[in-house]
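Some notes on the structure that comes next.
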Amino acid sequence: MHFDELERLYNEQAYTEAITQLEIYLQDNPGEARGWQLLGLSQLENAKATDNRDLATAMYNEAYEAFSQVLIIDPTHVQARVHRAYMGANIMADKGDETIGDCDILIAGGDEELTTKALLYRFQVWVLKNETEKALADMQRNLEVYGSLYADDLPQLNVARFQCFTRIGDVYYHTENRPAALEYYKQAFECTVFNNRLLSTTWFALDMADYDFAASMLQIMITAGENTKDDMLRLLRHIQQLLADGVRNAALAREFCKGTTEFWQQFFGDDDDEGTLEQISTGKRFIAEYPGEAYFYHYTATAFFNIGSYQEALPWYEKSLAIKPYPFSVVRWYFTSYKVNGQFPESWPDVEHNIPYDWYAAGVIFSEIIQLEKDNGVKQASTALKRFLYKKAFDIYHAYWYENSGNSYAGHPHHFAMCCNNYGIALYEGGIFVEAAHVHTIGYNMSPFWEQLESRADAYHSMGKLAEAIADRHTILENFTEVLPLMYYVSIHERMIDDLCTLEKHAEALDLYEKILGEYNTWIAKDMQELEDYDRETITYNIDRIKTGRAFIRTNSADDLSERILALETHLVEKPDDSDAYFNLMYLYFDNAQYEHCIGAINNRISIGGVTKLPVISQMKIYYFRGKAALKLGRYKAAITDLLHTLQIMSNGDAADNAPNYRFGVYAFLAEAYLGEKEYDECLAYATQCLNIYASNNWAWDTEASAVRYTMALAYEAKEDPATCKKIIDLIVANDPEFRPAAEKKNELRGGGLFSFFRKKK
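Going by numbering that gives the first Met the number 0, the first residue of the sequence shown is number 0, and it counts up by one from there.
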């Protein structure tokens with residue numbers, strides 16, 4: 000077997016077969032260092048994978064010997080020496096001297112990354128040999144090397160320093176120098192506040208009566224939420240007893256109170272009224288003990304806030320802010336002020352606070368509070384504060400991860416990613432789509448989760464980057480289906496189909512349409528019955544949207560339009576009250592010249608779903624299409640009524656709803672309708688407005704421009720102004736010779752007399 004085939008077996012994790020084939024290979028090639036290296040790697044992986052201790056030991060020995068054989072053949076082989084040093088430090092207790100020798104050689108090589116590994120391995124051997132001073136010296140030297148190696152990567156540097164300081168602290172701890180151990184654990188904590196040693200170190204700090212340090216770690220544990228409920232309760236109960244026994248420490252008392260808000264029922268019981276009174280009592284007791292600590296005023300205020308007693312909460316929040324404005328105090332004070340005074344304060348306090356998670360959490364708290372408000376005006380007024388809070392958090396996180404500044408309170412990558420998601424959504428809600436997509440990209444790169452992609456897809460969609468939105472949602476379906484809630488699984492299909500249709504990728508849209516409806520019939524409809532009412536209703540709504548969206552999925556079928564109409568008509572047999580289906584049929588019936596059906600579909604849409612709650616653009620379309628259909632049927636008065644109503648709706652919209660091309664379309668059809676009603680001056684007035692739009696926007700002459708002028712020519716003809724009529728017809732023919740109605744009219748005017756057109760119509 001060739002060596003590349005042996006490498007393939009290893010890469011495919013077929014380690015046992017690779018070992019068998021390598022042993023055969025090495026019989027013929029005993030001096031092949033790369034063969035021995037691959038054998039050692041395969042045996043090492045096999046040993047890690049086995050649960051049989053004796054078998055694993057034998058495999059580790061074989062792997063060690065294979066790496067040794069590499070070094071006999073090639074003493075400069077770095078990776079073989081690294082693997083052998085690793086095994087000697089971590090697995091092979093009897094290889095201490097050889098490991099120290101390997102580490103000495105690696106350190107002498109001068110490569111900083113290899114040096115850090117070698118110093119770590121040698122440190123572990125010194126510890127086993129009880130060579131404490133040598134072990135500590137290696138870790139101190141490692142701190143120096145890491146400082147150089149990661150000079151431009153603060154997060155990585157802090158993780159490395161944490162590991163070094165922790166190991167030094169452990170050495171002192173096990174050699175009964177507890178004060179020195181505590182000092183190094185403190186340094187380790189400052190390097191990486193989010194770490195896996197918090198619980199044990201907090202107990203140690205409490206035992207050593209270092210209550211400030213214990214409080215700092217308790218704050219992080221409450222934030223991270225990575226310890227079990229039982230562990231946290233045991234710790235909080237112990238702190239509660241310490242405080243009851245007379246320990247006086249404002250920071251410890253503060254973090255204990257924060258802990259009780261996370262485990263409210265465990266500390267205050269199931270009776271909300273009694274629990275609230277007890278929380279207020281606790282808050283006031285600590286205020287009496289620590290009148291200069293802002294948090295206890297916040298804690299007391301929040302007890303009132305949670306039961307809706309805003310009038311009583313407000314003075315306590317104001318006292319808290321006067322001492323130290325915490326982000327989570329600011330948002331509750333802001334909302335409480337609104338509840339008491341009927342309006343939000345004009346500004347919020349200037350807060351200096353360098354813990355990004357607190358800013359992020361304040362944004363989440365404020366979003367949840369505002370979400371309960373029914374007044375959309377209140378929600379709109381609150382968006383600026385939400386963006387401010389998330390941006391404060393984002394800026395601190397970003398500086399730490401991308402600008403090499405700040406501290407490890409910003410060092411939790413998943414917290415940063417969650418902040419990016421919420422900040423991106425807040426930007427999106429404010430119409431700041433490009434920045435929202437950028438922020439979501441940073442968050443996804445930091446910690447990929449599907450919500451980040453879905454939020455970014457929304458931003459891309461609103462930017463008009465539909466291909467990018469589709470790609471993000473495709474990634475969700477490819478990689479996150481196992482964790483994706485069923486409700487989102489369905490809605491993502493609906494949004495992708497919509498964007499694919501807009502991009503005219505109808506074949507892909509049809510494939511997705513048939514896939515999701517097939518899944519709905521085979522398993523989704525059954526599985527959704529286990530969900531909450533809201534989720535079931537949302538899935539049903541999205542499935543209906545997918546079915547009605549069939550209206551816009553074109554195929555190459557000769558009967559494409561009829562097939563799309565039939566699909567929606569069939570859906571309406573099942574769901575006769577689906578107003579969206581009638582709305583979409585409006586388009587199809589019009590395109591299929593079924594104008595009576597078009598008007599009927601619109602009337603059904605209005606009677607079932609109403610109009611006033613629709614977006615302005617949808618309201619416009621309803622009356623615009625009914626007006627066009629009436630015009631096609633020669634019902635000019637009805638057409639005029641609907642088209643004038645369309646203009647009225649547009650006037651209530653924003654700039655996008657009053658876009659020049661929208662107004663042009665309505666004016667042009669009004670001109671036609673007034674011509675049909677023989678109200679020629681009105682016809683000319685609206686046609687003139689069309690021409691004014693062309694002039695003011697500097698639009699080039701096109702078919703629509705010819706059609707409007709042709710309508711004007713007919714109006715002048717009817718007003719018995721042949722000269723103006725002829726002049727307009729000549730202008731059309733000169734600029735748009737392919738516009739046949741004008742060419743035919745020109746010939747008619749030459750030969751048939753001024754009113755021949757109207758005689759022919761009769």
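Glycine included, each C-beta is placed from N, C-alpha and C at the ideal position.
Predicted model only: the values in this text are computed from it and were never measured.
Spatial neighbours of residue i within its chain, please: C-beta separation below 6 Å, excluding the five flanking residues on both sides.
i, result
"Lys744", "Ile728"
"Ile542", "Tyr519"
"Phe754", "Confidence at Phe754 is low in this model, with a pLDDT of 41, below 50, so the placement of that residue should be treated as unreliable; the coordinate-derived value is given next. Answer for Phe754: no residue qualifies."
"Tyr298", "Cys256, Gly282"
"Ala204", "Phe212, Ala213"
"Tyr622", "Asp641, His644, Thr645"
"Ser319", "Ala293, Tyr296, His297, Ser328"
"Leu142", "Cys163"
"Phe479", "Trp449"
"Glu434", "Leu426"
"Gln123", "Ala88"
"Val489", "Ile538, Asn541"
"Arg177", "none"
"Lys94", "Gly87"
"Asp73", "Ala32"
Indicate whether residue i and residue j have their beta-carbon atoms separated by less than 8 Å.
i, j, result
"Pro659", "Ile692", "yes"
"Glu277", "Ile221", "no"
"Val610", "Leu642", "no"
"Leu148", "Glu97", "no"
"Tyr59", "Leu37", "no"
"Ser407", "Thr191", "yes"
"Arg33", "Phe66", "no"
"Phe164", "Tyr183", "yes"
"Tyr289", "Ala249", "yes"
"Ile496", "Gly548", "yes"
"Phe303", "Trp315", "yes"
"Leu819", "Asp590", "Any property of residue 819 remains undetermined from this structure, which presents the chain solely from 0 to 761."
"Tyr588", "Ile639", "no"
"Leu5", "Ala17", "yes"
"Asp101", "Arg80", "yes"
"Ser446", "His413", "yes"
"Pro344", "Ser336", "yes"
"Cys418", "Ala436", "no"
"Gly30", "Val69", "no"
"Asn420", "Gly405", "no"
"Leu485", "Asp526", "yes"
"Gln42", "Ala62", "yes"
Starting from residue i and walking both ways along the alpha helix (DSSP H), at which residues does that stretch end?
i, result
"Gln139", "131 to 148"
"Asn89", "77 to 89"
"Ala733", "721 to 734"
"Val124", "111 to 127"
"Val330", "326 to 340"
"Ala416", "412 to 428"
"Trp698", "Where Trp698 is concerned, there is no enclosing alpha helix (DSSP H), given that its DSSP letter is neither H nor E."
"Ala667", "659 to 675"
"Asn375", "375 to 401"
Under 7 Å Cβ to Cβ from residue i, same chain only, skipping five residues before and after it: list those, please.
i, result
"Pro326", "Val350, His352, Asp357, Trp358, Ala361, Leu388"
"Val732", "Ala741, Ala742, Lys745"
"Ile238", "Leu251, Phe255"
"Gly245", "none"
Tell me which residues share the same chain as residue i and place their Cβ nearer than 8 Å to its Cβ, disregarding the 5 neighbours each side in the sequence.
i, result
"Thr19", "none"
"Glu453", "Asp471, Arg472, Ile475, Tyr487, Ile491"
"Ile369", "Phe334, Val377, Lys378, Ser381, Lys385"
"Lys761", "With a pLDDT of 31 at Lys761, under the threshold of 50, the modelled position of that residue is not reliable, and no figure is offered here."
Does the beta-carbon of residue i, which I'm using as the reference point, lie nearer than 7 Å to any heavy atom of the ligand SAH?
i, result
"Asp653", "The ligand SAH is absent from the structure shown, which contains no ligands of any kind."
Fill in: Contiguous beta strand (DSSP E) assignments of at least 3 residues, all confined to the segment 580 to 625
none
Discussion item. I'd like to know if the segment 454 to 462 and the segment 405 to 425 are in contact, where contact means that at least 3 CB-CB pairs between them fall below 8 Å.
Written reply: yes
Discussion item. Any contact between the segment 128 to 138 and the segment 165 to 175? By contact I mean 3 or more CB pairs, one from each, below 8 Å.
Written reply: yes
Worksheet item: Taking three-plus beta-carbon pairs below 8 Å as touching, is the segment 571 to 590 in contact with the segment 525 to 533?
Response: no
Worksheet entry | Continuous beta strand (DSSP E) assignments of at least 3 residues falling wholly in the segment 174 to 221 | none
Worksheet item: Does the count of Cβ pairs from the segment 560 to 573 and the segment 590 to 610 closer than 8 Å reach three?
Response: yes
Worksheet item: Which ranges would you report for the alpha helix (DSSP H) in the segment 461 to 530 if only whole runs of at least 4 residues count?
Response: 465 to 478, 485 to 501, 505 to 518
Discussion item. As an exercise, report each continuous alpha helix (DSSP H) stretch of at least 4 residues that is fully enclosed by the segment 538 to 588, in chain order.
Written reply: 559 to 573
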